[in-house]
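Data block below; observations after.
Residue numbers (the working numbering): -12 to 289.
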């Protein structure tokens, strides 16, 4: 497959019998890209594979099939990686000190303010990726030319935020599990703010909601949409009154109450706890699945 500078659009790719598209992560940031490979790789999730790209051979990790990618196709899966490939990776990184010193020298030469935080190599050394931090955006076009002239390689520069920089290292989060942003490529570059904690009723304590990178944890996004759905129907706080919609019935309730007050609701359990306003006798509480609640209840005087 002939590739352009940025791969080719999915709609321009014709798969041959026995081929499929796969999500493959590359480099220390584990950025996901779509690649073409034999359909037999469908059962090889987590396998390291050798990739053919526009800049030569590279090493990646096959994640899953990606039948409808939203990115350009970046190349082909050539084969599974073997020990010779891993030894090549070690050999490539043995020159990191040389590349680091050269990068710093070239940055000074062109007069930029940049901090180098990591280096990646393609498997065959056709490309070197420098990860850096800087205040604001940097026009590094001249720097790329100087680096390419010095190292005689294709050069890629990738600016990292504080959140992204933590992905360079296989660390564990405060929960003891691998960092969410490292295991879920869709979180790369995601914006997480302290507002997500407030919207879920969590304590607004920077020390408690901060992840390893010092920014609000990525996991604050996992249930955020569900909390917003609950709040859109029930309000931000319990206490609102609802009544049954016309024709709606509750199981095991012969005579429904005129109205019901929301005592509490739970996103993890996906339920709403209601107190029936019986007007006479003891109050009656019931737990209703959220989907049933949406279908059968309407807010009183919305």
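Ideal placement from N, C-alpha and C gives every residue a C-beta, glycine not left out.
Boundaries of the beta strand (DSSP E) around residue 253: 247 to 253. Per DSSP, residue 183 is one residue of the alpha helix (DSSP H) stretching across 182 to 186. For residue 108, no alpha helix (DSSP H) segment is defined; the enclosing uninterrupted segment is the beta strand (DSSP E) at 102 to 108. At least 9 Å separates the beta-carbon of residue -6 from that of residue 39. Secondary structure within the segment 60 to 99: the alpha helix (DSSP H) runs of 4 or more consecutive residues, fully enclosed, are 70 to 80 and 83 to 97 (chain order). When DSSP states are grouped into helix, strand and coil, residue 119 belongs to the strand group. As computed with DSSP, residue 45 is found in a beta bridge with 38. CA-CA distance, residue 11 to residue 281, rounds to 40 Å.
Classified as exposed, residue 188 has fewer than 16 neighbouring CB atoms from the shown chains inside 10 Å of its CB. Ranking 208, 34 and 221 by CA distance to the CA of residue 9 puts 34 first.
Here DSSP, grouped into helix, strand and coil, assigns residue 9 to strand. In the structure shown, residue 237 falls within a coil segment according to DSSP collapsed to helix, strand and coil. The Cβ atoms of residue 249 and residue 208 lie no closer than 9 Å to each other. By the Cβ test, the segment 131 to 138 is not in contact with the segment 157 to 167, since fewer than three Cβ pairs between them sit closer than 8 Å.
Between residue 52 and residue 81, the beta carbon gap of about 35 Å keeps them out of contact (Cβ cut-off 8 Å). In the three-state DSSP reduction, residue 24 falls in the strand class (E or B). When the five nearest sequence neighbours on each side are left out, the beta carbons in the same chain lying within less than 6 Å of the beta carbon of residue 107 are those of 14, 15 and 116, in order along the chain.
Pairing residue 135 with residue 99 gives a Cβ-Cβ distance that is not under 9 Å. DSSP links residue 259 through a beta bridge to 252 and 275. Taking a contact as a CB-CB distance under 8 Å, the pair residue 43 and residue 148 does not count as one, their CB atoms being some 29 Å apart.
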